[in-house]
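Just so we're aligned: 515 in this note's numbering is position 416 of the sequence shown, and the numbers increase by one with no gaps anywhere.
What follows is a set of notes on a single structure, which appears directly below.
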Amino acid sequence: MIGTLSLDRLRTDGEQFMEELSREYYLAHSGQKPTAELRPIYAKHEAIIGPDALALTLEAFKGASEGSEERRGAQLLLDWQAEAQSSRQLAALDEREIAWEVSTVVTVSDTRQIPFESVSIEIGNSSDANERHAIEEARAKVVARELSPMRRERFERERDITEQLDLAPNYISAFELLSGIPLLSLKAECEQFLRQTDSLWQEVFPEFTQRVLGMEPADVTRADALALFRARDFDAFFPSGRMESAIRGQVREMGIDPLAAGRITLDTSEREGKRARAFCSPVRVPNEVYLVLRPHGGQTDWMTFLHELGHALHFAYMRPDLAFEYRWLGDNSITEAYAMLFDHRIKDPGWLKRYTELGASRLPAFMRSTGFEELQFLRRYCAKLIYEVELYGGSVRWESLPDLYVELLTNATTFRYNRADAFVDVDPRFYAARYLRAWQLQALIAETLVERYDEDWWRNPRAGPWIASALFGEGQRELAHEQAQRVADKPLSFAPLVRAVERMLG
Ligand SMILES: [Zn+2]
Numbered sequence: 100m101i102g103t104l105s106l107d108r109l110r111t112d113g114e115q116f117m118e119e120l121s122r123e124y125y126l127a128h129s130g131q132k133p134t135a136e137l138r139p140i141y142a143k144h145e146a147i148i149g150p151d152a153l154a155l156t157l158e159a160f161k162g163a164s165e166g167s168e169e170r171r172g173a174q175l176l177l178d179w180q181a182e183a184q185s186s187r188q189l190a191a192l193d194e195r196e197i198a199w200e201v202s203t204v205v206t207v208s209d210t211r212q213i214p215f216e217s218v219s220i221e222i223g224n225s226s227d228a229n230e231r232h233a234i235e236e237a238r239a240k241v242v243a244r245e246l247s248p249m250r251r252e253r254f255e256r257e258r259d260i261t262e263q264l265d266l267a268p269n270y271i272s273a274f275e276l277l278s279g280i281p282l283l284s285l286k287a288e289c290e291q292f293l294r295q296t297d298s299l300w301q302e303v304f305p306e307f308t309q310r311v312l313g314m315e316p317a318d319v320t321r322a323d324a325l326a327l328f329r330a331r332d333f334d335a336f337f338p339s340g341r342m343e344s345a346i347r348g349q350v351r352e353m354g355i356d357p358l359a360a361g362r363i364t365l366d367t368s369e370r371e372g373k374r375a376r377a378f379c380s381p382v383r384v385p386n387e388v389y390l391v392l393r394p395h396g397g398q399t400d401w402m403t404f405l406h407e408l409g410h411a412l413h414f415a416y417m418r419p420d421l422a423f424e425y426r427w428l429g430d431n432s433i434t435e436a437y438a439m440l441f442d443h444r445i446k447d448p449g450w451l452k453r454y455t456e457l458g459a460s461r462l463p464a465f466m467r468s469t470g471f472e473e474l475q476f477l478r479r480y481c482a483k484l485i486y487e488v489e490l491y492g493g494s495v496r497w498e499s500l501p502d503l504y505v506e507l508l509t510n511a512t513t514f515r516y517n518r519a520d521a522f523v524d525v526d527p528r529f530y531a532a533r534y535l536r537a538w539q540l541q542a543l544i545a546e547t548l549v550e551r552y553d554e555d556w557w558r559n560p561r562a563g564p565w566i567a568s569a570l571f572g573e574g575q576r577e578l579a580h581e582q583a584q585r586v587a588d589k590p591l592s593f594a595p596l597v598r599a600v601e602r603m604l605g
């Protein structure tokens with residue numbers, strides 16, 4: 100009933116809805132409930148995620164004048180509503196896919212079967228290239244036959260649902276309109292970045308495949324990449340027992356309370372059913388934020404903890420008087436940028452010397468390996484975005500997409516990719532674009548912090564309060580490129596990332 104629906108009710112009930120969903124995910128993923136019961140929550144809040152709510156936000160968006168605060172808010176609400184339309188209609192497909200992932204077993208040989216969910220761990224842990232390739236071949240076979248068609252159907256339907264909203268002539272322009280992200284120019288920047296870093300990549304790649312894997316560049320596949328990036332020569336210098344206290348201590352030195360006066364709860368106890376990977380759940384923003392982890396130790400753990408802490412502090416330091424849409428919705432490039440600003444300390448020599456046990460003598464080798472990893476992930480994400488734009492662009496037939504996927508990802512990373520993953524290695528709704536913009540934004544923010552508070556800004560007691568008010572306090576009101584202009588007076592670009600990678604590779 101459109102009569103009872105207003106933007107204010109959408110905000111009040113929307114916040115209630117988001118809080119209930121977030122609490123349900125938190126309880127399920129932290130092992131306090133066996134499963135997340137989402138359908139009752141969707142049913143209870145049906146009115147604010149239905150077609151009438153979409154029509155209302157569309158009307159508000161069209162009626163607000165360009166550049167006004169009303170328009171800014173309405174755009175975020177409309178993006179949320181448009182996404183809700185497809186999430187609601189695709190829920191059954193998503194459930195089918197999750198059920199497939201937890202129940203499927205990959206048959207490598209007569210005597211060896213591996214649960215689908217453990218395949219990448221098994222590949223990463225194997226030091227035998229033939230074994231890795233055999234597992235990979237078995238995985239690709241079952242993915243191509245069963246998972247890939249499901250995912251393909253999902254992306255086709257999502258495209259159709261979004262196009263039927265009649266916001267724009269096609270999926271890509273609808274995404275640009277809803278998100279405010281200039282997707283096509285980002286794609287051009289990615290192509291430029293790949294060209295610009297190509298000779299650097301060709302130079303460092305053989306060094307790592309030969310030393311870590313004992314393989315020639317021409318022979319390595321995506322399966323070998325899993326093993327390469329799992330080889331953690333430096334894990335001993337990132338002990339689990341010191342992780343939490345070292346990182347909390349650093350945040351305090353920067354002038355920020357790591358628990359935000361009790362608004363953040365660190366859930367670090369062992370509990371059955373708790374996810375292995377750390378995550379952050381904002382249950383009430385900014386007053387009730389959970390950071391859930393099971394410390395195992397090692398470099399990856401420290402990085403994940405820093406990443407999730409960046410998200411948690413962002414949520415906990417948002418100004419409470421910000422509108423619902425600026426606290427709960429908006430451009431996730433912003434929150435991912437703060438998470439990356441924190442996790443990139445693991446690539447900061449001064450930070451490493453002060454808070455880890457790495458020591459000065461091991462630092463040059465560590466920095467070179469971390470620089471290689473950073474460049475690999477950047478090149479992979481650039482290729483992914485280029486591919487995902489083609490996937491939705493309509494100029495390549497879907498039957499030809501697997502060949503294009505292999506060509507783009509293999510050229511960018513040198514690791515040979517598999518046709519089977521052309522619809523599997525895809526993030527819905529161009530989330531790769533959010534990551535790439537976050538990467539660009541965190542690099543600009545880090546440069547600004549060095550200018551304002553010196554190389555060791557992360558222990559400067561004046562830096563934290565500035566970060567908390569000028570960055571975290573704003574929630575996600577701004578788009579990433581707007582924030583870059585306000586904070587650094589520069590446009591978003593790959594330039595500071597290229598500089599950073601060149602510094603790391605020495
Ligand atoms: Zn994140």
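Positions of the beta carbon are idealized from the N, C-alpha and C atoms, including for glycine.
Small disclaimer: the values here were computed from a predicted structure and weren't measured.
When DSSP states are grouped into helix, strand and coil, Ser-217 belongs to the helix group. Apart from sequence neighbours up to five positions away, no residue of its chain approaches Ile-220 with a beta-carbon distance below 7 Å. For Arg-341, the closest of Gln-398, Arg-321 and Tyr-389 by C-alpha to C-alpha distance is Gln-398. Residue side-chain check: Ala-438 places its Cβ nearer than 6 Å to a non-hydrogen atom of ligand 1. Ranking Arg-110, Trp-557, Glu-118 and Thr-469 by CA distance to the CA of Ala-330 puts Thr-469 first. For Val-241, the uninterrupted alpha helix (DSSP H) run begins and ends at 228-241, by DSSP. In terms of side-chain proximity, the C-beta atom of Glu-145 is found no nearer than 6 Å to any non-hydrogen atom of ligand 1. CA-CA distance, Ala-152 to Gln-180, rounds to 7 Å. For the set Glu-200, Thr-509 and Ser-380, the Cα lying nearest the Cα of Glu-118 is the one of Ser-380. Rounded to the nearest angstrom, the gap between the Cα atoms of Thr-261 and Phe-423 is 24 Å. Looking at the DSSP output, Gln-301 bridges to nothing. Between the segment 442-451 and the segment 394-413, the count of C-beta pairs closer than 8 Å reaches three or more; the two stretches touch.
Exclusion of the five residues before and after Asp-209 leaves no residue of its chain whose Cβ lies closer than 6 Å to its Cβ. Cβ contact annotation for Tyr-389 (same chain, cutoff 6 Å, sequence separation greater than five): Tyr-125, Thr-364, Asp-366 and Ser-380, in chain order. Taking a 10 Å sphere around the C-beta of Leu-548, we find 16 or more other C-beta atoms and assign the residue as buried. Our two residues, Ala-267 and Ala-273, have alpha carbons roughly 5 Å apart in a direct line.
The segment 522-536 and the segment 274-292 touch, with three or more beta-carbon pairs separated by less than 8 Å.
Here Glu-196 has Met-249 as same chain residues with Cβ atoms under 6 Å from its own Cβ, once five neighbours each way along the sequence are excluded. In the structure shown, Tyr-389 falls within a strand segment according to DSSP collapsed to helix, strand and coil. Between Val-242 and Val-523 the beta-carbon gap is near 6 Å, inside 8 Å, which marks them as a contact. Nearest in C-alpha terms to Arg-518, of all of Arg-467, Glu-581 and Thr-320, is Thr-320. Contact check for Phe-160 and Ala-173: beta-carbon distance about 4 Å, within the 8 Å limit, so the pair qualifies.
For Phe-378, there is no enclosing alpha helix (DSSP H); the residue is part of the beta strand (DSSP E) that begins and ends at 378-383.
CA-CA distance, Asp-588 to Gly-572, rounds to 19 Å. Per the C-alpha coordinates, the member of Trp-450, Tyr-491, Asn-386 and Asn-224 positioned closest to Val-350 is Trp-450.
Out of Leu-155, Leu-120, Gln-115 and Gly-166, the CA that lies nearest to the CA of Glu-581 is found in Gly-166. In the three-state reduction of the DSSP assignment, Ser-167 falls in the coil class. Taking 7 Å as the cut-off, the Cβ atoms of Gly-223 and Tyr-425 do not count as close.
Each residue's CA atom was taken as its position, placing Gly-149 and Ala-579 some 29 Å apart. Asp-297 and Glu-252 have their C-alpha atoms some 35 Å from each other.
Ligand 1 has no heavy atom closer than 6 Å to the beta-carbon of Glu-196. By the Cβ-count criterion, Ala-521 is buried, with 16 or more other Cβ atoms from all chains shown falling within 10 Å of its own Cβ.
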